[in-house]
Amino acid sequence: MEELVIRDADVVDGSGDHSYRADVVVDGGRIVSIVKEAADAGCQRPKARRELDAEGLVLAPGFIDMHAHSDLALLRDPDHSAKAAQGVTLEVLGQDGLSYAPVDDRTLGEVRRAIAGWNGSGDDVDVDWRSVGEYLDRLDQGIAVNAAYLIPQGTVRALAVGWEDREATPGELDRMRQLVAEGMEQGAVGMSSGLTYTPGMYAPDAELTELCRVVASYGGYYCPHHRSYGAGALEAYAEMVALTREAGCPLHLAHATMNFGLNKGRAPELLALLDEALDGGADITLDTYPYTPGCTTLVALLPSWASEGGPQEILRRLADDGTAERIRHHLEVTGSDGCHGVPVEWETIEISGVGDPALGEYVGRTVLESARARGEEPWAVARELLLKDRLAPTILQHVGHEENVREIMRHRVHTGGSDGILQGAKPHPRAYGTFPRYLGHYVRELGVLSLEECVAHLTSRPAARLRLPDRGLVREGYKADLVLFDPRTVDAGSTFAEPRTLPTGIPYVLVDGRFVIEDGRRTDVLAGRAVRRSPR
Numbered sequence: 020m021e022e023l024v025i026r027d028a029d030v031v032d033g034s035g036d037h038s039y040r041a042d043v044v045v046d047g048g049r050i051v052s053i054v055k056e057a058a059d060a061g062c063q064r065p066k067a068r069r070e071l072d073a074e075g076l077v078l079a080p081g082f083i084d085m086h087a088h089s090d091l092a093l094l095r096d097p098d099h100s101a102k103a104a105q106g107v108t109l110e111v112l113g114q115d116g117l118s119y120a121p122v123d124d125r126t127l128g129e130v131r132r133a134i135a136g137w138n139g140s141g142d143d144v145d146v147d148w149r150s151v152g153e154y155l156d157r158l159d160q161g162i163a164v165n166a167a168y169l170i171p172q173g174t175v176r177a178l179a180v181g182w183e184d185r186e187a188t189p190g191e192l193d194r195m196r197q198l199v200a201e202g203m204e205q206g207a208v209g210m211s212s213g214l215t216y217t218p219g220m221y222a223p224d225a226e227l228t229e230l231c232r233v234v235a236s237y238g239g240y241y242c243p244h245h246r247s248y249g250a251g252a253l254e255a256y257a258e259m260v261a262l263t264r265e266a267g268c269p270l271h272l273a274h275a276t277m278n279f280g281l282n283k284g285r286a287p288e289l290l291a292l293l294d295e296a297l298d299g300g301a302d303i304t305l306d307t308y309p310y311t312p313g314c315t316t317l318v319a320l321l322p323s324w325a326s327e328g329g330p331q332e333i334l335r336r337l338a339d340d341g342t343a344e345r346i347r348h349h350l351e352v353t354g355s356d357g358c359h360g361v362p363v364e365w366e367t368i369e370i371s372g373v374g375d376p377a378l379g380e381y382v383g384r385t386v387l388e389s390a391r392a393r394g395e396e397p398w399a400v401a402r403e404l405l406l407k408d409r410l411a412p413t414i415l416q417h418v419g420h421e422e423n424v425r426e427i428m429r430h431r432v433h434t435g436g437s438d439g440i441l442q443g444a445k446p447h448p449r450a451y452g453t454f455p456r457y458l459g460h461y462v463r464e465l466g467v468l469s470l471e472e473c474v475a476h477l478t479s480r481p482a483a484r485l486r487l488p489d490r491g492l493v494r495e496g497y498k499a500d501l502v503l504f505d506p507r508t509v510d511a512g513s514t515f516a517e518p519r520t521l522p523t524g525i526p527y528v529l530v531d532g533r534f535v536i537e538d539g540r541r542t543d544v545l546a547g548r549a550v551r552r553s554p555r
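Residue numbers (this note's numbering): 20 to 555.
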């Protein structure tokens, strides 16, 4: 007898088609049968060792978070309710060009310092891997939800070239090609870039194109955080479209939006650019989170020249009064490339987390608010915080526009990604609320998407981008990564005031046919594993 039958569920199967009522039978980690309209038809109903009454609940494929920063959190925190409670059953890691494989002893320490604001110092995680394959093997020891990995181009460049602002030599470019090929062979699904973060931002288009050719040869995709989401945003999007078309590589645009005052209401221009490319045969997808503020590290706002050489050189420059004044001028007057070419508005920069608890007074306040309270200039406060916290502070950047968010989420190639940074006392609520917010606020309350459309955006579309042949749909033979939610009550519990509050209306989540959320509570099941690239 099979393990589980989910009885009388309203199945929204991920295809975008209308829902249907069915009994769904699960055994051995897969969906083994679907009996539609079983109660009404009077047919023999399937039986199993356990029956779950799903009356009034929607059964959908587990949600796929196309942009996650849980690279260490999955290992540090086996509970991982931040994602499991949302119905997420697969996360894509290695984002924005910086993560923890491939590394050597030198670059591991550099990367740890560079992205401490995303993932913590990493000192509480035994980093016993160096290659992509070894990292995936570590995930295979058991994690809360499944995880796929993108090769981080900035980390690759740090390993082969360093943190200098210069072109790679032919030998260094060959080494980067080799590292990308090895990562793809070991199971990565593609490559990411952070083109406003060092050292990835120092790569010219020709270098990126060469690496994308390697990715494409293995059936992977390129996921850039491109060079600007502010001034020059459309040009930056066009650059990525042209680059990947030349390389013959599929493109997935990370947290694709149009931010800052100069881009208010300009989402249709972006979508027109993408539609033209799609109609011409380009292979493009994108992800967004359903909020207006962004989230990054405070140090990321600095001009690229100030970040050359890596974390230690940044700290040295910040400590020098003359150099610090040059940095301030670029930030406040010229418009730093780290701040997307727009002069920083300190009233929009809210400190969301610090590495040193002694600096907690800054958290939850904008830099301008802290400056006024201290009787200082905003740059003085920001500089002091960067130095004292050794580049660890994370920020919320309140520069987005609701009309742009809604326009982009309606697009035919849109998928969902939380961009969830789990560090800090007051992280962005998207880390805990992205997927139920789509279902509650944008489907039920606003009707921006139908329920069937939204589920497709969060399941089958990302599974297709990841080239996963047995995930993203409720189908016989598919993996039993499933979520059951109440469409009348599902909603994000997280807010900007209380960002770690778990969602409501998601009582059951299964990974590999096992309950990771049961009756609304996290179980002790660690059914997640690394999801490796499918062979061509």
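The C-beta atom is built at its ideal place from N, Cα and C for all residues, glycine as well.
All of these numbers come straight from a predicted model, not from anything done at the bench.
Cβ pair residue i, residue j closer than 9 Å
i, j, result
"residue 83", "residue 482", "yes"
"residue 410", "residue 333", "yes"
"residue 535", "residue 547", "yes"
"residue 33", "residue 80", "yes"
"residue 317", "residue 378", "no"
"residue 441", "residue 101", "yes"
"residue 357", "residue 412", "no"
"residue 202", "residue 151", "yes"
"residue 381", "residue 76", "no"
"residue 122", "residue 87", "no"
"residue 359", "residue 252", "yes"
"residue 216", "residue 116", "yes"
"residue 235", "residue 269", "yes"
Exposure label - residue i; buried when at least 16 CB within 10 Å
i, result
"residue 516", "exposed"
"residue 185", "exposed"
"residue 223", "exposed"
"residue 245", "buried"
"residue 220", "buried"
"residue 188", "exposed"
"residue 514", "exposed"
"residue 20", "exposed"
Expected contact under 8 Å - CB spacing of residue i and residue j to nearest Å
i, j, result
"residue 213", "residue 239", "Not quite, the Cβ-Cβ distance comes to about 17 Å (not below 8 Å), so this is no contact."
"residue 501", "residue 465", "So it is not a contact: roughly 26 Å between Cβ atoms."
"residue 371", "residue 314", "7 Å"
"residue 43", "residue 493", "7 Å"
"residue 550", "residue 166", "7 Å"
When the options are compared against residue i, the one with the closest alpha-carbon
i, options, result
"residue 148", "176, 164, 118, 177", "118"
"residue 22", "531, 251, 282", "531"
"residue 90", "369, 380, 438", "438"
"residue 386", "494, 298, 414", "414"
"residue 375", "407, 354, 366", "407"
"residue 443", "474, 160, 152, 138", "138"
"residue 354", "527, 279, 426, 146", "279"
"residue 479", "35, 409, 545, 261", "35"
"residue 74", "114, 505, 511", "505"
"residue 497", "56, 41, 50", "50"
"residue 242", "492, 168, 182, 468", "168"
"residue 96", "510, 274, 545", "545"
"residue 175", "164, 193, 552, 163", "193"
"residue 133", "294, 55, 173", "173"
"residue 431", "127, 306, 113, 123", "306"
"residue 521", "553, 452, 549, 457", "452"
"residue 299", "264, 288, 533", "264"
"residue 402", "434, 365, 417", "365"
"residue 140", "471, 330, 519", "330"
"residue 383", "324, 421, 445", "445"
"residue 485", "395, 312, 302", "302"
"residue 328", "181, 539, 495", "181"
"residue 419", "368, 553, 459", "368"
"residue 25", "107, 499, 311", "499"
"residue 285", "512, 423, 142", "423"
Cβ neighbours of residue i in the same chain (closer than 6 Å, five flanking residues each side left out)
i, result
"residue 154", "120, 148"
"residue 350", "363"
"residue 113", "168, 169, 171, 211"
"residue 343", "337, 402"
Beta-carbon contacts of residue i that lie in its chain and below 7 Å, excluding the five residues immediately before and after
i, result
"residue 467", "425, 428, 429, 461"
"residue 195", "175, 176, 179, 187, 230"
Proximity test, Cβ basis, 9 Å: residue i and chain B
i, result
"residue 549", "Among the chains in the structure shown there is no chain B, since it carries only a single protein chain."
heavy atom of the ligand ZN below 8 Å from residue i C-beta
i, result
"residue 373", "Ligands are entirely absent from the displayed structure, and the ligand ZN is therefore not among its contents."
Own chain partners of residue i with C-beta closer than 8 Å, once the 5 adjacent residues on each side are dropped
i, result
"residue 46", "21, 22, 23, 67, 532"
"residue 436", "84, 85, 86, 87, 111, 273, 274, 306, 307, 308, 453"
"residue 257", "292"
"residue 162", "93, 94, 97, 99, 545, 547, 548"
"residue 183", "218, 221, 327, 328"
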